[in-house]
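Read in order, the letters of the sequence shown are residues 4 to 153 in the working numbering.
A virtual CB, placed ideally from N, CA and C, is assigned to each residue, including glycine.
Input: a single structure, listed below in structure tokens.
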Amino acid sequence: MEQQLVIFELAEETYGIDIAHVESIIKVPRITPMPQSEEYVEGVINLRGEVVPVIDLRMRMDMPKVERTLDSRIVVVVLEEKRVGMIVDAVTEVITITQEDVQEMAALGGSAHAGMLTGIAKIEERLIICLDPAKILQADLQAAASMLEV
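Structure representation (structure tokens):
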């Protein structure tokens with residue numbers, strides 16, 4: 004079975020997310036900070052008239068925060084009918100992979116963020132870390148929902 008992945012960079016590593024979850028990819032606009040939120044929650048943006056919470060995916064994955072560049076993007080994902088933006092270092096391409104290309108995480112052993120990953124795709128000589136947005140944003144969806152219920 005084939006699957007399309009949006010490929011992006013984060014701390015010089017290559018990551019992929021199933022395109023079925025991705026609504027849009029945008030340049031980083033002005034973000035309105037939200038007081039008393041998790042450190043990795045950057046704030047909210049106005050996306051076509053809708054208030055969308057934005058997280059810094061680097062910080063969510065316990066990576067050091069860096070200055071934004073012209074390549075920085077927000078990947079807007081839709082989960083449970085809620086939109087959340089994830090800031091990444093750069094979005095590079097969309098690729099098609101097959102199930103045979105992906106090694107499941109159980110076979111790779113554990114890491115601090117293993118629950119957020121679905122596996123590692125090996126495409127030619129490249130390794131692409133496949134992320135599960137539902138797992139990354141599980142706690143954030145509830146926090147974002149309560150943050151927006153004003």
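Where do the ends of the beta strand (DSSP E) carrying residue i lie?
| i | result |
| --- | --- |
| residue 60 | It is not in any beta strand (DSSP E) - residue 60 instead sits in the alpha helix (DSSP H) that spans 60 to 63. |
| residue 15 | Note, residue 15: premise wrong, no beta strand (DSSP E); not H, not E. |
| residue 126 | 120 to 126 |
| residue 131 | 129 to 134 |
Exposed or buried, which one is residue i when buried takes at least 16 other CB atoms within 10 Å?
| i | result |
| --- | --- |
| residue 79 | buried |
| residue 111 | Low per-residue confidence applies at residue 111: pLDDT is 48, beneath 50, and the placement is therefore not dependable enough to give any value. |
| residue 86 | buried |
| residue 76 | buried |
| residue 8 | buried |
Could you tell me which of the options sits nearest to residue i, measuring between CA atoms?
| i | options | result |
| --- | --- | --- |
| residue 132 | 11, 25, 40, 52 | 11 |
| residue 89 | 100, 34, 6 | 34 |
| residue 74 | 52, 28, 139 | 28 |
For chain C, check one thing: does any of its Cβ atoms lie closer than 9 Å to the Cβ of residue i?
| i | result |
| --- | --- |
| residue 63 | Among the protein chains of the structure shown there is no chain C, as only one such chain exists. |
Just checking, does the segment 84 to 96 make contact with the segment 10 to 30 on the three C-beta pairs under 8 Å criterion? yes
Counting only runs of 4+ residues fully inside the segment 29 to 111, write out the alpha helix (DSSP H) ranges in chain order. 60 to 63
I want to know whether the segment 118 to 138 touches the segment 38 to 47 - three or more CB-CB distances under 8 Å. no
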